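Quick note: to get my numbering, add 47 to the position in the sequence shown (first position is 1). Beta carbons: idealized from backbone N, C-alpha and C, even for Gly. No experiment lies behind these values; they were computed from the predicted model shown. Notes follow once the structure below has been shown.
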Amino acid sequence: PSGFDPATARQRLLEHFGAASLEPYGCEHLPLAIAAAGAALRYLQENQVSDLAHLRNLQTYSPDSFVGLDSVTRRNLELTRTLRDGKVEGSLLGVLDHTVTAMGARLLRRWIQQPLLDLERIQERLDAVEELCPTPTGEGRGPFLRADLRRLLDGLHDVERLVGRVGTGLANARDLATLRRTLERIPRIKRLLAQARSPRLRALNDDMDELRDVAALIGQALVDSPPILLKEGGLIRPGYHAELDRLRRAAAEGRDWLATYEAQERERTGIPTLRVRYNQVFGFFVEVPRSKAHLVPPEYERRATITHAERFITPELKAREAEILSAEDRANELEYDLFVELRRQVAAHTDRLQRAARVLAELDVLAALAEVAARYGYTRPVVDESAVIEIREGRHPVVERMMPEGARFVPNETHLDGESHRLLVITGPNMSGKSVYIRQVALIALMAQMGSFVPAASARVGLVDRIFVRAGATDDIAQGRSTFLVEMAETAYILRHATPRSLVVLDEVGRGTSTYDGMGLAWAVGEELHNRIGARTLFATHFHELTGLADQLPGARNFSLAVKEQGQGVVFLYRLVEGGADRSYGIQVARLAGVPDHVVERAREVMARLTREQGSKGAGEHGGRGAREQRSREQRARALREISASYMVGEGQERLLVPADDEVVWAVVRELFGLDIANLTPVQALVVLNEWQQRLRETQRG
Numbered sequence: 048p049s050g051f052d053p054a055t056a057r058q059r060l061l062e063h064f065g066a067a068s069l070e071p072y073g074c075e076h077l078p079l080a081i082a083a084a085g086a087a088l089r090y091l092q093e094n095q096v097s098d099l100a101h102l103r104n105l106q107t108y109s110p111d112s113f114v115g116l117d118s119v120t121r122r123n124l125e126l127t128r129t130l131r132d133g134k135v136e137g138s139l140l141g142v143l144d145h146t147v148t149a150m151g152a153r154l155l156r157r158w159i160q161q162p163l164l165d166l167e168r169i170q171e172r173l174d175a176v177e178e179l180c181p182t183p184t185g186e187g188r189g190p191f192l193r194a195d196l197r198r199l200l201d202g203l204h205d206v207e208r209l210v211g212r213v214g215t216g217l218a219n220a221r222d223l224a225t226l227r228r229t230l231e232r233i234p235r236i237k238r239l240l241a242q243a244r245s246p247r248l249r250a251l252n253d254d255m256d257e258l259r260d261v262a263a264l265i266g267q268a269l270v271d272s273p274p275i276l277l278k279e280g281g282l283i284r285p286g287y288h289a290e291l292d293r294l295r296r297a298a299a300e301g302r303d304w305l306a307t308y309e310a311q312e313r314e315r316t317g318i319p320t321l322r323v324r325y326n327q328v329f330g331f332f333v334e335v336p337r338s339k340a341h342l343v344p345p346e347y348e349r350r351a352t353i354t355h356a357e358r359f360i361t362p363e364l365k366a367r368e369a370e371i372l373s374a375e376d377r378a379n380e381l382e383y384d385l386f387v388e389l390r391r392q393v394a395a396h397t398d399r400l401q402r403a404a405r406v407l408a409e410l411d412v413l414a415a416l417a418e419v420a421a422r423y424g425y426t427r428p429v430v431d432e433s434a435v436i437e438i439r440e441g442r443h444p445v446v447e448r449m450m451p452e453g454a455r456f457v458p459n460e461t462h463l464d465g466e467s468h469r470l471l472v473i474t475g476p477n478m479s480g481k482s483v484y485i486r487q488v489a490l491i492a493l494m495a496q497m498g499s500f501v502p503a504a505s506a507r508v509g510l511v512d513r514i515f516v517r518a519g520a521t522d523d524i525a526q527g528r529s530t531f532l533v534e535m536a537e538t539a540y541i542l543r544h545a546t547p548r549s550l551v552v553l554d555e556v557g558r559g560t561s562t563y564d565g566m567g568l569a570w571a572v573g574e575e576l577h578n579r580i581g582a583r584t585l586f587a588t589h590f591h592e593l594t595g596l597a598d599q600l601p602g603a604r605n606f607s608l609a610v611k612e613q614g615q616g617v618v619f620l621y622r623l624v625e626g627g628a629d630r631s632y633g634i635q636v637a638r639l640a641g642v643p644d645h646v647v648e649r650a651r652e653v654m655a656r657l658t659r660e661q662g663s664k665g666a667g668e669h670g671g672r673g674a675r676e677q678r679s680r681e682q683r684a685r686a687l688r689e690i691s692a693s694y695m696v697g698e699g700q701e702r703l704l705v706p707a708d709d710e711v712v713w714a715v716v717r718e719l720f721g722l723d724i725a726n727l728t729p730v731q732a733l734v735v736l737n738e739w740q741q742r743l744r745e746t747q748r749g
């Protein structure tokens with residue numbers, strides 16, 4: 048489209064900003080960025096009815112300045128909303144958002160989604176947060192500075208949004224009064240920060256414009272609590288404009304005359320309930336009860352009869368009406384004009400106001416991060432250029448906050464580096480805490496690089512350029528992609544974009560296909576990440592065979608989440624220990640999940656039979672791979688037939704599963720084992736299911 052033409056877009060931007068070059072905005076040599084900005088500006092110009100003079104700046108986003116976080120990783124880490132219901136509560140943002148202004152809340156969301164790569168900026172943020180936190184001994188000015196700063200920030204209105212309304216001519220008088228009250232707090236905030244020592248807090252204080260002149264400009268013109276309507280008067284302070292004061296006096300004198308006239312007419316007519324009223328149809332008129340209408344003087348001219356009253360006009364009222372209404376109308380019109388001029392004058396300070404808004408937002412975020420650190424026992428991380436990620440007693444920031452009262456989160460240790468601990472293979476049963484642990488490490492690294500303290504006794508984070516988190520996938524039916532295809536697409540993206548500086552978190556690669564295919568893929572992915580890419584990797588898996596990677600790769604290590612067996616059940620200890628797990632405890636987990644006992648016991652029988660079948664084959668295998676796989680499928684089918692045939696329910700009840708001699712059904716079973724699910728589209732699956740259903744129905748009818 049022509050709106051995205053870089054040359055046209057560049058010219059549009061230059062004209063809007065009144066600049067000769069886009070060099071000051073950092074995008075002169077970025078044609079795609081120029082095209083996007085120009086197209087956005089064109090859209091606003093064509094669809095925004097108000098002026099765009101408040102758009103004074105153009106910020107260039109450079110991906111090289113921030114940790115790379117693709118959409119899959121953002122979703123799996125639940126940075127700003129939960130996977131289950133899309134809510135903020137239960138996300139990292141929900142835990143960290145202790146901001147007290149709307150500006151700060153928006154900036155915190157951006158910081159979470161854009162962790163830094165610049166060590167100097169990270170350290171500046173950490174220094175600022177540390178100054179606002181209590182010292183290890185509980186002494187120091189930090190807690191008082193944080194409390195005072197948050198108290199002054201609390202209740203500040205959204206300056207960014209207010210400035211936008213002012214700049215577009217949409218602000219009403221209450222908006223300007225609200226802006227004035229916010230600006231009047233800035234000098235107090237500036238005095239408070241004068242005692243700050245950290246470089247970032249001092250820089251923010253130096254950048255903070257007190258804007259006393261703008262606050263005074265608004266305060267001199269507007270009343271403290273103006274009405275929301277702009278053309279009904281009551282906006283401008285007395286003494287601000289001489290002509291307005293004169294018109295107001297004239298209108299007030301007219302209203303005084305009306306009050307005097309009403310009192311005189313009551314006395315003259317002997318009607319104590321006589322009223323002088325006004326509406327836009329009749330202007331000013333005299334209203335008397337219908338029961339007293341016979342007492343009105345003959346010069347009263349009847350204008351209307353309503354349910355309980357009669358309305359009249361008099362020569363005196365008509366004579367004064369034009370004078371009174373003229374003064375009020377002219378006063379209201381002048382007030383509106385004065386307000387519009389005031390709004391224009393405030394809009395002229397848009398740059399200064401926007402800069403103040405940015406400073407206030409950052410102060411709010413820094414104070415919020417310090418509040419979280421003090422409240423939840425976070426510690427300052429060491430962020431450096433090493434390849435080490437070392438965490439002592441690390442905790443998941445979200446899970447520990449969501450635990451029931453009285454429950455204790457079990458902290459864990461982590462050591463990753465580019466050499467001996469490059470690939471950590473994490474095994475253990477479901478519910479043992481593998482997924483929580485590996486995400487915990489990613490979140491701690493992310494928090495450290497956004498400039499936040501972290502939930503750990505201590506933490507060292509060597510700069511991470513990108514974070515990848517591949518976890519459970521689902522079908523993409525709209526695109527005809529199976530669960531396994533989605534999983535492999537996400538894995539392929541990681542293998543193509545990860546670097547030695549990256550942190551890769553893999554949760555169950557290869558589970559969407561057959562056991563051996565999945566195991567082979569998972570093994571190959573682990574080798575690729577270790578040998579060619581060299582990324583620091585946490586690899587959680589149910590394939591216990593992957594523990595063999597530690598025997599083959601010098602940088603691979605095995606860890607597992609400890610469990611304790613109790614009778615036929617297990618107790619999860621949630622503690623990371625060195626060495627791989629040798630069992631999955633799936634049946635024990637099923638019992639914990641509430642699966643009926645008779646189903647669990649049957650599962651034990653089936654597992655024992657399949658385990659024996661697996662152990663009996665292999666020694667005498669011969670032939671090619673295809674022949675071996677075919678024999679394996681046939682052996683599994685035969686074992687399942689025998690298991691099914693041996694399964695009888697209680698006395699007097701029918702057999703629930705298929706008899707062993709039902710060849711049609713077992714033919715379907717064999718086809719099911721031979722089906723290549725990984726390469727089966729949803730439509731193909733429906734066709735196959737329909738065919739099986741027809742065959743089984745024919746058998747049933749026969």
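Where the alpha helix (DSSP H) through residue i begins and ends
{"i": "residue 59", "result": "53 to 64"}
{"i": "residue 595", "result": "Looking at the DSSP string, residue 595 is not in any alpha helix (DSSP H), and its letter there is neither H nor E."}
{"i": "residue 750", "result": "Nothing can be reported for residue 750, as the shown portion of the chain is limited to 48 through 749."}
{"i": "residue 379", "result": "362 to 394"}
{"i": "residue 544", "result": "530 to 544"}
Nonlocal neighbours in the same chain, by C-beta distance under 6 Å from residue i, ignoring five residues either side
{"i": "residue 125", "result": "138"}
{"i": "residue 331", "result": "325, 364 and 368"}
{"i": "residue 525", "result": "With a pLDDT of 45 at residue 525, under the threshold of 50, the modelled position of this residue cannot be trusted, and the question is left open."}
{"i": "residue 733", "result": "none"}
{"i": "residue 434", "result": "464, 465 and 509"}
{"i": "residue 618", "result": "611"}
{"i": "residue 351", "result": "358"}
Residue i versus residue j - alpha carbon distance
{"i": "residue 425", "j": "residue 553", "result": "26 Å"}
{"i": "residue 399", "j": "residue 142", "result": "32 Å"}
{"i": "residue 109", "j": "residue 77", "result": "11 Å"}
{"i": "residue 312", "j": "residue 321", "result": "8 Å"}
{"i": "residue 177", "j": "residue 189", "result": "8 Å"}
{"i": "residue 233", "j": "residue 60", "result": "33 Å"}
{"i": "residue 697", "j": "residue 746", "result": "Unreliable placement is indicated for residue 697, whose pLDDT of 42 sits below 50; the coordinate value is still reported in the next sentence. If you take the alpha carbons of residue 697 and residue 746, they lie about 26 Å apart."}
{"i": "residue 361", "j": "residue 347", "result": "5 Å"}
Per-residue burial, residue i [other beta carbons within 10 Å of its own, 16 or more giving buried]
{"i": "residue 611", "result": "exposed"}
{"i": "residue 666", "result": "For residue 666, the predicted model reports a pLDDT of 47, less than 50, meaning its position is unreliable; a value from the coordinates is still stated below. With fewer than 16 other Cβ atoms within 10 Å, it is exposed."}
{"i": "residue 651", "result": "exposed"}
{"i": "residue 588", "result": "buried"}
{"i": "residue 481", "result": "buried"}
{"i": "residue 563", "result": "exposed"}
{"i": "residue 379", "result": "buried"}
{"i": "residue 90", "result": "exposed"}
Member of the options whose CA lies at the smallest distance from the CA of residue i
{"i": "residue 359", "options": "395, 309 and 393", "result": "309"}
{"i": "residue 161", "options": "75, 544, 117 and 442", "result": "117"}
{"i": "residue 711", "options": "722, 727 and 742", "result": "742"}
{"i": "residue 443", "options": "101, 487 and 409", "result": "487"}
{"i": "residue 468", "options": "585, 366 and 497", "result": "585"}
{"i": "residue 560", "options": "608, 415 and 721", "result": "721"}
{"i": "residue 723", "options": "529, 537 and 621", "result": "529"}
{"i": "residue 13", "options": "407, 347, 388 and 499", "result": "Because residue 13 is not part of the residues shown, which for the chain are 48 to 749, the question remains open."}
{"i": "residue 99", "options": "392, 744, 470 and 211", "result": "211"}
{"i": "residue 392", "options": "64, 260, 247 and 645", "result": "260"}
{"i": "residue 556", "options": "532, 135 and 453", "result": "532"}
Neighbourhood of residue i by C-beta distance below 8 Å, restricted to the same chain and skipping five residues each side
{"i": "residue 385", "result": "268, 282, 283, 287, 288 and 291"}
{"i": "residue 355", "result": "336 and 337"}
{"i": "residue 390", "result": "213, 216, 218 and 223"}
Closer than 7 Å: residue i CB and nearest the ligand NAP heavy atom
{"i": "residue 401", "result": "Summarising the ligand content, the structure contains no ligands, and the ligand NAP is consequently not present."}
Residues near residue i in its chain [Cβ-Cβ closer than 7 Å; skip 5 each side]
{"i": "residue 156", "result": "127 and 140"}
{"i": "residue 285", "result": "292"}
{"i": "residue 235", "result": "199"}
{"i": "residue 72", "result": "105 and 107"}
{"i": "residue 340", "result": "357"}
Start-to-end residues for the beta strand (DSSP E) that takes in residue i
{"i": "residue 325", "result": "322 to 326"}
{"i": "residue 198", "result": "Not the beta strand (DSSP E): residue 198 falls in the alpha helix (DSSP H), residues 189 to 200."}
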